[in-house]
Amino acid sequence: AQSVSQHNHHVILSEAASLELGCNYSYGGTVNLFWYVQYPGQHLQLLLKYFSGDPLVKGIKGFEAEFIKSKFSFNLRKPSVQWSDTAEYFCAVGYQGGKLIFGQGTELSVKP
Amino acid sequence: DVKVTQSSRYLVKRTGEKVFLECVQDMDHENMFWYRQDPGLGLRLIYFSYDVKMKEKGDIPEGYSVSREKKERFSLILESASTNQTSMYLCASSFTRGSNQPQHFGDGTRLSIL
Chain A
2 AQSVSQHNHH VILSEAASLE LGCNYSYGGT VNLFWYVQYP GQHLQLLLKY
52 FSGDPLVKGI KGFEAEFIKS KFSFNLRKPS VQWSDTAEYF CAVGYQGGKL
102 IFGQGTELSV KP
Chain B
6 DVKVTQSSRY LVKRTGEKVF LECVQDMDHE NMFWYRQDPG LGLRLIYFSY
56 DVKMKEKGDI PEGYSVSREK KERFSLILES ASTNQTSMYL CASSFTRGSN
106 QPQHFGDGTR LSIL
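Quick note, the sequences are listed as chains A and B, same order.
Going by this note's numbering, the first residue of the first sequence is number 2, and it counts up by one from there.
Going by this note's numbering, the first residue of the second sequence is number 6, and it counts up by one from there.
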């Protein structure tokens, strides 16, 4: 069965630190990959997505992610985090029928 | 912008009650989904629907049912609520069945079963 794994459950950073959140998936076919963010008290919203082409994709709010097929990974990065990036981040894989499989989520706390 | 509206942000019910959670989307999307979100477990799919009157089980359908009488509305029903159904429930919609379709989420309903 397909699965998505996010290894970091809770990450604490100071403002201006660099961020990398890990995401690994198990799926043998063509993958469509997503990162979602959930700010406190708000709905999940799409940060970025990868379908094909350039494996380095850029999303909103300065986030980017790199698809490495050989490692089955889709890690999320940001060069310099802000306090407002405090949120929970979810990696997801799209598969048949438009369903998404989500990872467990990573809670990011940014200290001012 | 897609708007997915869930009828309640917070709901408190008693064990054994029949509970209805309502969700409406305003973008004529074909697909609608119900998830529950629990700490450390991410989002788990309960049920989904591709069209009116169609429904399919997700990963954790036990204890739940759904109804889709109109394209824009998707209801989740807890037939006889139990304390282990205390959770955050999220509704989502997407345009078509393609695996590259992002889903759009509502604000969630935090349900407590006493």
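The C-beta atom is built at its ideal place from N, Cα and C for all residues, glycine as well.
Partners in chain B for residue i, counting only beta-carbon separations shorter than 7 Å
i	result
N25 (chain A)	In chain order: nothing, as chain B lies at least about 14 Å away.
L47 (chain A)	P107
G54 (chain A)	By Cβ distance, chain B contributes nothing, its closest Cβ being about 12 Å from G54 (chain A), past 7 Å.
K50 (chain A)	P107
Neighbouring residues, chain A, relative to residue i (Cβ below 7 Å)
i	result
G47 (chain B)	F91, F103, G104, Q105, G106
S87 (chain B)	Within chain A, no residue comes near S87 (chain B); the closest Cβ sits about 24 Å away, beyond 7 Å.
Distance, residue j Cα to residue i Cα
i	j	result
G111 (chain B)	F25 (chain B)	16 Å
S5 (chain B)	R102 (chain B)	Limits of chain B in this structure are 6 at one end and 119 at the other, which puts residue 5 (chain B) out of reach.
L119 (chain B)	T107 (chain A)	29 Å
V38 (chain A)	G60 (chain A)	11 Å
S12 (chain B)	T114 (chain B)	8 Å
L47 (chain A)	F64 (chain A)	11 Å
N33 (chain A)	S6 (chain A)	15 Å
A18 (chain A)	Y26 (chain A)	26 Å
V71 (chain B)	Y55 (chain B)	12 Å
F103 (chain A)	F35 (chain A)	9 Å
Q106 (chain B)	Q83 (chain A)	29 Å
F38 (chain B)	T31 (chain A)	23 Å
S87 (chain B)	G23 (chain A)	35 Å
Neighbour list for residue i in chain A, Cβ cutoff strictly below 9 Å
i	result
L50 (chain B)	K100, L101, I102, F103
C-beta contact flag for residue i and residue j at 8 Å
i	j	result
E35 (chain B)	F100 (chain B)	yes
V111 (chain A)	E16 (chain A)	yes
F75 (chain A)	L45 (chain A)	no
V57 (chain B)	M32 (chain B)	no
K1 (chain B)	I65 (chain B)	Lying before the first or after the last residue shown, residue 1 (chain B) is absent from chain B, which here runs from 6 to 119.
L14 (chain A)	R78 (chain A)	no
P80 (chain A)	F68 (chain A)	no
Q90 (chain B)	L48 (chain B)	no
S80 (chain B)	G21 (chain B)	no
K60 (chain B)	R73 (chain B)	yes
H11 (chain A)	G45 (chain B)	no
G68 (chain B)	F53 (chain B)	no
Identity of the residues DSSP links to residue i by a beta bridge
i	result
T114 (chain B)	B:Y94
G47 (chain B)	B:D43
C92 (chain A)	A:W36
S80 (chain B)	B:E27, B:S72
A130 (chain A)	For chain A, the structure presents residues 2 to 113; residue 130 (chain A) sits outside this window and is missing.
K100 (chain A)	A:Y96
T10 (chain B)	B:V29
V115 (chain A)	Since the displayed chain A opens at 2 and closes at 113, residue 115 (chain A) lies outside it and no answer follows.
K18 (chain B)	B:I118
Contact test: residue i Cβ vs the ligand GTP heavy atom, cutoff 7 Å
i	result
Q7 (chain A)	With respect to the ligand GTP, the structure offers nothing, as it holds no ligand at all.
Residue i: contacting residues in chain B (beta-carbon distance under 8 Å)
i	result
H8 (chain A)	Correct list: empty, because the minimum Cβ distance to chain B is about 13 Å.
Within chain A, the residues that residue i reaches when beta carbons sit closer than 8 Å
i	result
S92 (chain B)	By Cβ distance, chain A contributes nothing, its closest Cβ being about 14 Å from S92 (chain B), past 8 Å.
S99 (chain B)	G99
Next item on the list: Scan the segment 101-115 of chain B for residues whose Cβ lies nearer than 9 Å to a Cβ of chain A and list them as they occur along the chain.
Entry: If the cut-off is 9 Å between Cβ atoms, the segment 101-115 of chain B has T101, R102, G103, S104, N105, Q106, P107, Q108, H109, F110, G111, D112, G113 near chain A.
Notebook entry, point to check: In chain order, what residues of the segment 25-39 of chain B put their CB closer than 9 Å to some CB of chain A?
Noted result: Listed by position along the chain: E35, N36, F38.
Check: Using a beta-carbon distance cut-off of less than 8 Å, what residues from the segment 68-82 of chain B approach chain A?
Finding: Answer in chain order: no residues at all.
Margin query: At a CB distance below 7 Å, what residues from the segment 64-98 of chain A approach chain B? Give them in sequence order.
Written below: Residues of the segment 64-98 of chain A that bring their beta carbon within less than 7 Å of a beta carbon in chain B comprise F91, G95, Y96, Q97, G98, in sequence order.
Notebook entry, point to check: Mind listing which residues of the segment 32-43 of chain A have their C-beta closer than 9 Å to chain B's C-betas, in chain order?
Noted result: Within the segment 32-43 of chain A, the qualifying residues are V32, N33, F35, Y37, Q39, G42, Q43.
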